[in-house]
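S.K.:
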Amino acid sequence: MEELENLSQIKIDLASDEDIRMWSRGEVKKPETINYRTLKPEKDGLFCERIFGPVKDWECHCGKYKKIRFKGVVCDRCGVEVTKSKVRRERMGHIELAAPVAHIWYFKGIPNRIALVLDISPKDVEKVVYFASYVVTDKGDTGLTKCQVLNEREYHEAVEKYGFGSFKAEMGAEALQKLLREVDVESEYTDDEES
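Letter 183 of the sequence shown, counting from 1, is numbered 183 in my numbering, and no numbers are missing.
#1: Out of P54, L180 and E5, which has the shortest C-alpha to C-alpha gap to S85?
#2: Buried or exposed, going by whether 16 or more other CB atoms sit within 10 Å of the CB of G93?
#3: How is L4 classed by DSSP in three states: helix, strand or coil?
#4: Could you check what DSSP says for L179 in three-state terms: helix, strand or coil?
#5: Keeping to the same chain, check which residues put their C-beta closer than 6 angstroms to that of T142; ignore five residues upstream and five downstream.
#6: Could you check whether E96 and E42 sit closer than 8 angstroms to each other, using their CB atoms as the reference points?
#7: Restricting to Cα atoms, I'd like to know which of E182, L180, S16 and G172 is closest to P100.
#8: Is the region 74-90 in contact with the region 47-62, if contact means three or more CB pairs nearer than 8 angstroms?
#9: Pick out whichever of R91, N6 and T145 has its Cα sitting closest to the Cα of R21.
#10: Which two residues bound the contiguous beta strand (DSSP E) that contains Y134?
#11: Where does A169 sit, in a helix, a strand or coil, going by DSSP?
#12: Buried or exposed for S121, going by 16 or more other Cβ atoms inside 10 Å?
#13: Could you please give me the residues that DSSP links to V74 through a beta bridge?
#14: Report the rounded CA-to-CA distance for D19 versus G45, giving the unit in angstroms.
#15: Assuming the contact rule is C-beta atoms closer than 8 angstroms, R25 and F47 should be a hit. Round their C-beta distance to whole Å, please.
#16: Select from N6, V117, V149 and Y130 the residue whose C-alpha is nearest the C-alpha of I104.
#17: Which stretch, first to last residue, makes up the beta strand (DSSP E) that contains E27?
Here you go:
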């Protein structure tokens, strides 16, 4: 309790991919929760006992190990550790995503950090994230500019005018990630300091 009395501030931050994988006990691969016939958690599902721990104290999923004398044993059949069921409240799993996503703090918050870094309007950033507009990631030999946002009609007009493959325009968080990786943070920082 002394630690809480001397506390002056709390910081909430996003965890990195590496941190999440380090905290995780395993990957959730299926959307299923509980098997309707057995009423037990589905393997690799959202309530998986191998990832989160046993549902019943001191009992593995398949029932091979029961009782406290097998404490800490990992079942060779089902892969569940024999321990107390309350570990399910502490353990964490993770889901590997097929494509990058933009966290809402970065494109809906004030100030809109993605919009500031890429010099795009916040509404345009939102349209790109939600697959409503394209953003130019490679202008090629065209009259377009990098980070220019195009709606569906403008995109098709540009393809007609410059030819397919003469430039690259993409949608979604993956396109924004590509543009953000190309930003030279050091030079941007020194430019801001000079002005």
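Where is the CB? At the ideal position from N, CA and C, for every residue including glycine.
M.R.: Checking against the coordinates, here is how it stands:
#1: For the purposes of this step, residue 85 is taken as residue 85 along the sequence shown, with counting starting at 1. Comparing alpha-carbon positions, the option among P54, L180 and E5 lying closest to S85 turns out to be P54.
#2: For this step, residue 93 is matched to residue 93 along the sequence shown. G93 comes out buried.
#3: Along the sequence shown, read from residue 1 onward, the residue named residue 4 stands at position 4. Shown here, L4 sits in a helix according to DSSP, grouped into three states.
#4: Indexing the sequence shown from 1 puts residue 179 at position 179. Correct three-state label for L179: helix.
#5: Translated into positions along the sequence shown, residue 142 becomes position 142. Within the same chain, and ignoring the five residues on either side of T142 in sequence, the residues whose Cβ sits closer than 6 angstroms to its Cβ are Y162, S166 and F167.
#6: What you label residue 42 is simply residue 42 of the sequence shown in a count that begins at 1. What you label residue 96 is simply residue 96 of the sequence shown in a count that begins at 1. No, Cβ-Cβ distance for E42 and E96 is not below 8 angstroms.
#7: On the sequence shown, residue 100 is found 100 positions in, with the first residue counted as 1. Of E182, L180, S16 and G172, the residue nearest in Cα terms is G172.
#8: Under the 8 angstroms Cβ criterion, the region 74-90 counts as touching the region 47-62, having at least three qualifying pairs.
#9: Counting from one through the sequence shown, the residue named residue 21 turns up at place 21. Ranking the options by Cα distance to R21, first place goes to R91.
#10: Residue 134 sits at position 134 when you count from the first residue of the sequence shown. That run of the beta strand (DSSP E) goes Y134 to D138.
#11: As a position in the sequence shown, residue 169 is number 169, starting the count at 1. Reduced to three states, the DSSP call for A169 is strand.
#12: Walking along the sequence shown from the start, residue 121 turns up at place 121. Result: exposed.
#13: By one-based count along the sequence shown, residue 74 stands at place 74. Looking at the DSSP assignment, V74 forms a beta bridge with E81.
#14: Counted from its first residue, the sequence shown places residue 19 at position 19. Counted from its first residue, the sequence shown places residue 45 at position 45. Straight through space, the alpha carbons of G45 and D19 are spaced by roughly 22 angstroms.
#15: Reading the sequence shown from its first residue, position 25 is the one you call residue 25. Reading the sequence shown from its first residue, position 47 is the one you call residue 47. In fact, because the Cβ distance is near 13 angstroms, the residues do not count as touching under 8 angstroms.
#16: Taking the first residue of the sequence shown as position 1, residue 104 is located at position 104. Out of N6, V117, V149 and Y130, Y130 has the C-alpha closest to the C-alpha of I104.
#17: For the purposes of this step, residue 27 is taken as residue 27 along the sequence shown, with counting starting at 1. S24 to E27 is the extent of the beta strand (DSSP E) around E27.
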